[in-house]
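Residues in the sequence shown are numbered from 11 upward in steps of one, following my numbering. All remarks here apply to the structure that follows.
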Amino acid sequence: MTLTLNNRSQNKESSLTQALRQIQQLNSRIQELEQHHQDYMRSQQNLISAIAEICVSPMQEIEALRILIYRGEAACRQYLRSVLVKQSQNS
């Protein structure tokens, strides 16, 4: 009887230990995802600032934002580079 109770309490303890470990792993993953999100938001803010600085017309800004939204950061940066090249050719 005592052996059975000891086994049950050990099983409960190991289950709690496993649950605690899983919670800690989830918390670590959440922190990692939050950091990725903050980095992403920072890069987006920097890119939006670059759009405002580089684009000389509202239509260019709209196009850059549209590209950012629908095609992503890399495509938007490529568009901004092309705008800069066109501006340097016109100067």
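Glycine included, each C-beta is placed from N, C-alpha and C at the ideal position. Remember, predicted model here, so these are calculated numbers, not experimental data.
- Two segments are said to touch when three or more pairs of C-beta atoms, one from each, lie closer than 8 Å; by this definition the segment 66-75 does not touch the segment 42-54.
- Measuring C-alpha to C-alpha distances from Cys-65 to each of Glu-23, Ser-98, Gln-35 and Thr-27 identifies Ser-98 as the nearest.
- Arg-39 and His-47 have their alpha carbons spaced roughly 12 Å apart.
- Boundaries cannot be given for Ser-67, as no alpha helix (DSSP H) includes it and DSSP labels it neither H nor E.
- For Arg-81, there are no CB contacts under 7 Å within the same chain when 5 residues up- and downstream are skipped.
- Closest option to Ile-61, judged by alpha-carbon separation, among Asn-37, Ser-25, Gln-34 and Arg-87: Arg-87.
- When DSSP states are grouped into helix, strand and coil, Ser-101 belongs to the coil group.
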